[in-house]
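Chemist: The structure that follows is given in the form of structure tokens.
There are 2 protein chains.
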Amino acid sequence: MSDRVRIVVDAMGGDFAPAEPVRGAVEAANEEERIEVIFTGDETAIRKELEGVQYPKERVRIVGTTEVIETGEPPVKAIQSKKNSSLVVGLQLVHKGEADAFVSSGSTGAVLVGGQAIVKKIRGIQRAPLAPLIPTQKGASLLIDCGASVDARPQHLVQYAVIGSIYMKEVMGLDRPRVGLINIGAEEEKGNALCKETYPLLKECKDIYFIGNVEARDVPAGAADVYVTEAFVGNIVIKTFEGVGGVLLSEMKSAMMSSARSKIGGLLVKPALKETLKKFDSSNYGGAPLLGLKGLVMKTHGSSKAKEFKNTLLQVLQFQEHDVNGKIREFLEKADD
Amino acid sequence: MSDRVRIVVDAMGGDFAPAEPVRGAVEAANEEERIEVIFTGDETAIRKELEGVQYPKERVRIVGTTEVIETGEPPVKAIQSKKNSSLVVGLQLVHKGEADAFVSSGSTGAVLVGGQAIVKKIRGIQRAPLAPLIPTQKGASLLIDCGASVDARPQHLVQYAVIGSIYMKEVMGLDRPRVGLINIGAEEEKGNALCKETYPLLKECKDIYFIGNVEARDVPAGAADVYVTEAFVGNIVIKTFEGVGGVLLSEMKSAMMSSARSKIGGLLVKPALKETLKKFDSSNYGGAPLLGLKGLVMKTHGSSKAKEFKNTLLQVLQFQEHDVNGKIREFLEKADD
């Protein structure tokens with residue numbers, strides 16, 4: 001029992017709730033017997049999704065809730081007023097120690113605000129960053145912070161670098177994660193005031209392997225394993241990434257449909273293209289952790305399907321088994337000395 | 001004579017100098033008889049490129065220079081010490097009123113620093129932004145500022161919005177350019193301190209058509225005609241754009257080469273793909289203007305070929321014929337009242 005990792009899954013969050021979160025969580029529980037799933041949400045709706053599905057009854061349970069926080073609701077107000085929502089009740093379970101982690105495809109704002117307000121930061125953590133894994137030519141890199149906390153200061157970025165390195169080491173199994181500071185030039189003296197102040201602090205930091213500045217152009221190639229940046233810039237990187245990828249793929253698709261010749265060609269190249277593009281499918285890695293909290297909070301895309309939920313739960317398992325939060329605490333205590 | 005637009009072309013800047021800048025500039029002069037080209041650079045090398053080429057001798061001349069500013073040289077020092085470089089001499093010609101515009105593929109830093117220090121800002125312009133046209137699904141949009149001046153303040157961004165709108169109206173022929181503020185959310189209250197302060201100023205500004213915040217995800221789709229942002233973020237957008245585009249295309253190419261089947265398919269789809277991707281080829285539009293200076297300074301990509309140089313010179317022609325700087329001055333005088 002003690003080895004089990006107890007994961008709350010918000011069954012009401014995202015575009016395909018409750019079907020996809022329920023399916024994905026059950027698949028993860030079927031695959032890994034150390035996973036225990038606690039669904040929060042409309043009990044009747046969840047039971048309906050579970051009907052006829054094979055799953056380990058003793059490791060899947062439901063905590064019924066009556067409210068749902070919608071995307072677009074002002075996060076602070078929503079968290080305060082909807083006490084019986086799947087999101088607030090789920091975060092409370094983590095806060096009370098009745099669960100280890102919370103996974104949701106619901107409103108990003110509500111997950112970020114709720115995570116910090118209810119689960120709360122580890123003592124010594126100044127800001128809790130959102131840190132998605134982004135697919136690159138070399139595999140995946142962590143982009144930290146990607147939208148949790150704008151107008152960060154240099155010392156916050158140093159903490160991001162350390163906890164991002166711990167994450168990549170423990171969860172993704174990298175031996176010595178390369179940390180790069182996202183900047184507009186390669187040389188040390190380049191950039192805005194924040195970068196210029198942060199660079200020497202990262203260079204001095206003994207807990208990370210800092211490789212210097214990384215230009216945004218080199219992010220998709222996998223120039224570093226941990227891309228450190230302030231929330232606004234991180235959000236711009238990931239959104240431009242998604243936007244350009246989406247537009248290029250849709251343009252290619254319509255090009256392939258534009259003539260009989262290109263349609264035949266399209267059918268012939270499709271299997272190879274699919275294989276290649278799989279590498280760039282972020283659902284392979286699952287959701288983004290909001291790091292530095294007392295329990296793990298994971299935000300999955302609003303459009304997540306079962307596969308992303310499943311992979312998120314598997315990522316949570318790694319996080320708990322490698323005691324990432326314990327290692328973050330160790331670093332903070334050492335830094336405190 | 002008075003209708004002629006006199007354009008200095010730095011024949012020593014970029015990866016393919018002097019061949020490509022010379023070829024591109026000559027093509028532009030052949031196409032438009034209002035264009036007069038002044039090459040700066042190694043006279044012998046330029047003459048060699050012109051040998052056997054058809055061009056209007058009375059509208060193409062050379063100002064011989066002996067030094068070259070290399071990419072990677074610290075810009076301020078390079079500008080100060082290499083007085084007889086193709087770049088400094090070229091900018092001096094604009095400063096002295098002997099030319100209307102300067103075009104270079106050389107070091108971005110040197111072009112930005114030299115442009116501001118030698119050609120100088122129009123009175124009333126606080127910061128001179130670099131403003132490339134970026135290809136989108138709808139055509140092209142102006143990204144302003146894209147790297148000239150980091151840590152800008154809200155009032156700078158308002159000036160960018162106005163001069164960017166003038167540019168898109170006069171040079172690109174848009175009736176009522178839509179201005180969007182690049183931000184991490186659509187709602188007015190979203191973003192960092194800079195965005196929160198800038199938004200209401202843009203909303204109040206009567207000289208532009210402000211459509212609100214634009215998320216980076218919607219940039220490639222052409223959500224606005226003028227994307228206003230601070231230099232650091234602008235640089236991140238364009239570099240991520242280039243990086244993701246480059247990686248995706250190279251992955252697709254190798255996917256198409258991966259089997260006999262996909263090779264045949266690749267050959268069949270190639271014409272349609274090429275047609276589509278042409279839309280996203282930034283060399284269709286030419287280089288990026290450094291706006292707000294007394295004369296026009298255009299920075300072309302380091303890897304520019306003749307086509308980009310030619311299109312840049314045609315853009316310069318539009319800029320001069322529509323008296324963009326006159327219109328910027330009018331706005332500044334009005335704002336002064």
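The listed protein sequences correspond, in order, to chains A and B.
First residue of the first sequence: 1, per the numbering used here; consecutive thereafter.
First residue of the second sequence: 1, per the numbering used here; consecutive thereafter.
Glycine included, C-beta positions come from ideal geometry on N, C-alpha and C.
If you measure beta-carbon to beta-carbon, which residues of the segment 266-280 of chain A are closer than 9 Å to chain B?
Modeler: Residues Gly266, Leu267, Leu268, Val269, Lys270, Pro271, Ala272, Leu273, Lys274, Glu275, Thr276, Leu277, Lys279 and Phe280.
Chemist: Which residues mark the beginning and the end of the beta strand (DSSP E) in which methionine 172 of chain B is found?
Modeler: Neither: methionine 172 of chain B is in no beta strand (DSSP E) and is coded neither H nor E.
Chemist: Can you give me, in chain order, the residues of the segment 311-337 of chain B that have a beta carbon less than 9 Å from any beta carbon in chain A?
Modeler: Under the 9 Å Cβ criterion, the segment 311-337 of chain B contributes no residue.
Chemist: Which chain B residues sit within Cβ distance under 8 Å of isoleucine 236 of chain A?
Modeler: By Cβ distance, chain B contributes Ile182, Ile184, Ala216, Val233, Ile236, Val237 and Thr240.
Chemist: What residues from chain A crowd round glycine 287 of chain B, counting only those whose CB sits closer than 9 Å?
Modeler: The contacting residues do not exist; glycine 287 of chain B stays about 18 Å from chain A at best.
Chemist: Are the segment 258-269 of chain A and the segment 73-89 of chain A touching, with three or more C-beta to C-beta distances below 8 Å?
Modeler: No, the segment 258-269 of chain A is not in contact with the segment 73-89 of chain A.
Chemist: What did DSSP end up calling threonine 71 of chain B once you bin it into helix, strand or coil?
Modeler: DSSP places threonine 71 of chain B in coil when its eight states are reduced to three.
Chemist: Can you grab the Cα-Cα spacing for the pair alanine 110 of chain B / alanine 78 of chain B, in whole Å?
Modeler: When rounded, the distance between both Cα atoms is 7 Å.
Chemist: May I have the straight-line CA-CA distance separating tyrosine 160 of chain A from glutamate 330 of chain A, to the nearest angstrom?
Modeler: When rounded, the distance between both Cα atoms is 15 Å.
Chemist: Could you work out which residue in A:Leu313, A:Leu248, A:Gly185 and A:Met12 is closest to tyrosine 297 of chain A when comparing CA atoms only?
Modeler: Note that residue 297 of chain A corresponds to valine in the displayed sequence, not to tyrosine. Nearest of A:Leu313, A:Leu248, A:Gly185 and A:Met12 to valine 297 of chain A, Cα basis: A:Leu313.
Chemist: Cα separation between valine 37 of chain B and leucine 93 of chain B?
Modeler: Each residue's Cα considered, the two are about 12 Å apart.
Chemist: Would glutamine 155 of chain A be called buried (16 or more neighbouring beta carbons within 10 Å of its own) or exposed?
Modeler: Label assigned to glutamine 155 of chain A: exposed.
Chemist: Starting from the C-beta of glycine 326 of chain A, find all residues in its chain whose C-beta is less than 6 Å away, skip the five residues before and the five after it, and write them out in chain order.
Modeler: So the list is empty, once near-sequence residues are dropped.
Chemist: Are the segment 301-310 of chain A and the segment 11-26 of chain A touching by the rule of at least three beta carbon pairs closer than 8 Å?
Modeler: Short answer: they touch.
Chemist: Going along chain B in order, which residues have a C-beta closer than 7 Å to the C-beta of asparagine 192 of chain A?
Modeler: Those are Val150, Asp151 and Phe232, listed as they occur along chain B.
Chemist: Look at the alpha carbon of alanine 101 of chain B and the alpha carbon of proline 135 of chain B, and state the distance between them as a whole number of angstroms.
Modeler: Approximately 24 Å between the Cα atoms of the pair.
Chemist: Pick helix, strand or coil for aspartate 336 of chain A, following the three-state DSSP scheme.
Modeler: Looking at aspartate 336 of chain A - three-state DSSP - the assignment turns out to be helix.
Chemist: When DSSP builds the beta bridges, which residues end up paired with aspartate 145 of chain A?
Modeler: Aspartate 145 of chain A is not bridged to any residue.
Chemist: Pair every Cβ in the segment 223-240 of chain B with every Cβ in the segment 141-150 of chain B, then say whether three or more of these pairs are closer than 8 Å.
Modeler: Counting Cβ pairs under 8 Å, three or more are found: they touch.
Chemist: Mind checking whether lysine 82 of chain A and glutamate 98 of chain A have CB atoms under 8 Å apart?
Modeler: Not closer than 8 Å, so no.
Chemist: Assuming isoleucine 211 of chain A and alanine 224 of chain A make a contact with CB atoms under 8 Å, what is their CB distance in whole Å?
Modeler: Right, the Cβ-Cβ distance comes to about 6 Å (below 8 Å), so this counts as a contact.
Chemist: Which first and last residues belong to the alpha helix (DSSP H) in which threonine 312 of chain B is found?
Modeler: Run containing threonine 312 of chain B: 306-321, per the alpha helix (DSSP H) assignment.
Chemist: Flag leucine 248 of chain A as yes if its beta-carbon sits less than 8 Å from any beta-carbon of chain B, otherwise no.
Modeler: Leucine 248 of chain A counts as touching chain B.
Chemist: Would you report the Cα separation of valine 113 of chain B and valine 103 of chain B, rounded to the nearest angstrom?
Modeler: About 14 Å.
Chemist: Going by C-alpha to C-alpha distance, which of A:Leu181, A:Leu317, A:Glu188 and A:Thr300 sits closest to alanine 345 of chain A?
Modeler: Shown here, chain A extends from 1 to 337; a query on residue 345 of chain A therefore has no answer.
Chemist: What does serine 258 of chain A touch in chain B if you count any residue whose Cβ is under 7 Å from its own?
Modeler: Those are Ala272, listed as they occur along chain B.
Chemist: By how many angstroms is the C-alpha of tyrosine 285 of chain A removed from the C-alpha of glycine 64 of chain A?
Modeler: The alpha-carbon atoms of glycine 64 of chain A and tyrosine 285 of chain A are separated by roughly 29 Å.
Chemist: Report all residues from its chain with a CB closer than 6 Å to the CB of glutamine 116 of chain A; omit the five preceding and five following residues, and keep chain order.
Modeler: Closer than 6 Å at Cβ, skipping near neighbours: Ala128.
Chemist: Alpha carbon to alpha carbon, how far is valine 316 of chain A from asparagine 192 of chain A? Give it in angstroms, no decimals.
Modeler: Going by the C-alpha atoms only, they are around 35 Å apart.
Chemist: DSSP three-state label for glutamate 36 of chain A, please.
Modeler: Strand at glutamate 36 of chain A.
Chemist: What did DSSP end up calling proline 132 of chain B once you bin it into helix, strand or coil?
Modeler: Three-state result, proline 132 of chain B: coil.
Chemist: Please list, in chain order, the chain A residues whose beta carbon lies closer than 8 Å to that of glutamate 251 of chain B.
Modeler: By Cβ distance, chain A contributes Gln137, Thr276, Leu277, Lys279 and Phe280.
Chemist: Can you give me the start and stop residues for the beta strand (DSSP E) that phenylalanine 210 of chain B sits inside?
Modeler: Counting along the chain, the beta strand (DSSP E) containing phenylalanine 210 of chain B begins and ends at 209-215.
Chemist: Looking at the structure shown, is tyrosine 55 of chain B part of a helix, part of a strand, or coil, going by DSSP?
Modeler: It is coil, neither helix nor strand.
Chemist: In angstroms with no decimal places, state the Cα-to-Cα distance between leucine 181 of chain B and asparagine 213 of chain B.
Modeler: Looking at the two C-alpha atoms, the distance is approximately 5 Å.
Chemist: Going by alpha carbons, who is nearest to glycine 72 of chain B out of A:Gly164, A:Glu188, A:Ile122 and A:Leu174?
Modeler: Looking at the Cα atoms, A:Glu188 is the closest of the given residues.
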